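S.K.:
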Ligand code: 2RA
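In this note's numbering, the protein residues as written are 21 to 352.
(1) Is residue 105 near the ligand 2RA, judged by its Cβ being under 8 Å from some heavy atom?
(2) How far does the beta strand (DSSP E) with residue 172 in it extend, from its first residue to its last?
(3) For the ligand 2RA, I want to know if residue 177 counts as a neighbour, meaning its beta carbon is within less than 8 Å of at least one of the ligand's heavy atoms.
(4) So, is residue 164 buried or exposed, given that buried needs 16 or more other C-beta atoms within 10 angstroms?
(5) At a cut of 8 Å, does the stretch 109 to 121 reach the stretch 86 to 99 through at least three beta carbon pairs?
(6) Using a Cβ-based criterion (distance less than 8 Å to any ligand heavy atom), does residue 371 qualify as near the ligand 2RA?
(7) Express the C-alpha separation of residue 280 and residue 309 in angstroms, rounding to a whole number.
(8) Could you tell me whether any non-hydrogen atom of the ligand 2RA is closer than 8 Å to the CB of residue 248?
(9) Closer than 8 Å: is that where the CB of residue 174 sits relative to any heavy atom of the ligand 2RA?
(10) So residue 77 and residue 54 are supposed to be a Cβ contact under 8 Å. How far apart are they, rounded?
(11) Given a cut-off of 9 Å on the beta-carbon distance, is the pair residue 262 and residue 167 in contact?
(12) Taking the straight line between their C-alpha atoms, what separation do you get for residue 13 and residue 134?
(13) Quick one: measure Cβ to Cβ for residue 242 and residue 320, integer angstroms, because I've assumed they're closer than 8 Å.
(14) With distances taken Cα to Cα, identify the nearest neighbour of residue 127 among 349, 352, 341.
Encoded structure:
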């Protein structure tokens, strides 16, 4: 296929390039798009130099698939232009995720909703993605009622400048101005994305809305706190999940072990549980610390970790493209 990566020099864009190589993704022509100031600059990939091109040039080349990893504003303007000429857009921004006419897809959960007429497909936010990966199989069995989530998110979730902030602080030479409103090394910042009038952040509300949309169940109650932590890669979350029906821990573990894309790491005798240093550079979602909440019935505690740039963004997007191709849903 002819594949365009919009935002090729960003963190998700670079991860997409790694995945194309690792998965031997069948690309006949690769169109790498970056901001106007980088147009014409070379980018080295698979033993050769590619030239970064503009959105206009990519559009004129009529790609089969365009994976957008840029801001929502660019996506709102450009995704429809690509869709109009038959390109299938897989979008990583917030632009289309909650729009009722567009699908929010995690292939292991709801790829079956896709058809050849879906020309703009939304990729979920990284934290919602790893959450639903672990919960969808349990929701099918026991029916989720309420989720209480605390998420501990790595600096790669907020871009190159915030990685620089962490690394420069760690070296003892903090840069000014800093990317976050506070130091991040040796600190935690309970603030991801903008605050809303109700006191929650947009990141926390994404967990509420996207979880319901992907699991196709508006009745699930969700409340979340999102915290930035001095970790380079891999978002973690502590989840308290209340179900309608009771479960056995044995069956929960068995179900999670059998679910594609999940790895259960839960051997407390050997101090084995998911951690960002294990999940980083892996495509799976890791689940552990699986235990009953003894304070109320039918309630489970879980600890979930995934590489936010991989399954949380690039891997999921590539899996959507792979699915569409296998179903012969792509044109151009
Ligand atoms: C973050 N989860 O890490 C967000 C990215 N959408 O900032």
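Ideal Cβ positions, reconstructed from N, Cα and C, are used throughout, including at glycine.
These numbers were taken from a predicted model, which means no experiment stands behind them.
M.R.: According to the data block:
(1) no
(2) 164 to 173
(3) yes
(4) buried
(5) yes
(6) Limits of the chain in this structure are 21 at one end and 352 at the other, which puts residue 371 out of reach.
(7) 19 Å
(8) yes
(9) yes
(10) Between residue 54 and residue 77 the Cβ distance is about 11 Å, and since that is not below 8 Å, they are no contact.
(11) yes
(12) Residue coverage of the chain in this structure runs from 21 to 352, which leaves residue 13 outside it and unanswerable.
(13) Actually they do not touch by this definition, with Cβ atoms about 15 Å apart.
(14) 341
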